[in-house]
Amino acid sequence: MQYNNLGRSGLRVSQLSYGAWVTFGNQLDVKEAKSLLQACRDAGVNFFDNAEVYANGRAEEIMGQAIRDLGWRRADVVISTKLFWGGQGPNDKGLSRKHVVEGLKASLKRLDMEYVDVVYCHRPDATTPIEETVRAMNWVIDQGWAFYWGTSEWTAQQITEAWGVANRLDLVGPIVEQPEYNLFSRHKLSLSLYLFTTLMALG
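Going by the UniProt record's numbering, the sequence shown opens with residue 1, and the numbers climb by one from there.
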């Protein structure tokens, strides 16, 4: 397996990662999850992705339990999760400071981990000032709950704005963008976003 730095960071991740979107909690139980995760590790994969919304949080619980049962050393794997859709309440979604803090705390509890390596903004939030989101992401990093933060399905303009705020305030900007890109959906990774992430050295 080949390993690369994630964006401009020193974090080394496998060229392939495993995500829990349509598997854990929806189609697979803990036993099957353990089998899949171990097969990934045996192949050299060290990067595993999740989100608070996957199976309404059950995917995080299953991944956390499977990793515990397999006895993996936490330092050997890179775990990411994503925040945006956490529940039905007015403050249970979006990228406000309140939801970023409370949402990540809830994710860590479900994963039964002290930290994730990367926390993503699962979507852009037009109702929250970008400065609030950038400050919130830096706050959870300062608490040791995450090491890095990134974006998911943001435009080049939105990422540029986030970096502008981070630079102005001497804060940490996003190191990675996770667009939708698979065998069935390739159009969302636009040429402009591809060129932008390459120019910005984003993962």
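Quick reminder that beta carbons are idealized off the backbone N, C-alpha and C, glycines included.
Quantities reported herein were computed from a predicted structural model and do not represent experimental measurements.
Could you compute how far the alpha carbon of residue i sits from the alpha carbon of residue j?
i	j	result
PHE109	THR155	Reading off the sequence, residue 109 comes out as Lys, not Phe. Those two C-alpha atoms are separated by around 31 Å.
ALA201	GLY173	12 Å
GLY25	ALA59	5 Å
GLU52	MET113	14 Å
THR197	GLU32	35 Å
GLU61	VAL30	9 Å
ALA166	GLY7	16 Å
ILE130	ALA162	6 Å
ASP170	GLY94	24 Å
Please return the same chain residues whose Cβ sits closer than 6 Å to the Cβ of residue i, not counting the five positions on each side in sequence.
i	result
LEU37	ALA66
TYR54	ALA20, TRP21
VAL140	LEU104, ALA146
For residue i, count the other beta carbons within 10 Å of its own beta carbon; 16 or more makes it buried, fewer makes it exposed. Which is it?
i	result
VAL176	buried
PHE184	exposed
LEU70	exposed
SER35	exposed
GLN178	buried
PRO124	buried
ASN46	buried
LEU16	exposed
In its own chain, which residues sit with a C-beta less than 7 Å from the C-beta of residue i, not counting the 5 before and 5 after it?
i	result
ALA43	MET1
THR127	GLY94
For the structure I just gave you, are there three or more beta carbon pairs, one from the stretch 62-80 and one from the stretch 131-145, closer than 8 Å? no
Counting pairs of beta carbons, one from the stretch 151-165 and one from the stretch 96-116, are three or more of them closer than 8 Å? no
Mind listing, in chain order, the continuous alpha helix (DSSP H) runs of no fewer than 4 residues lying wholly within the stretch 119-202? 130-142, 156-169, 191-200
Length-filtered (3 minimum) beta strand (DSSP E) runs lying within the stretch 4-51: 12-14, 47-49
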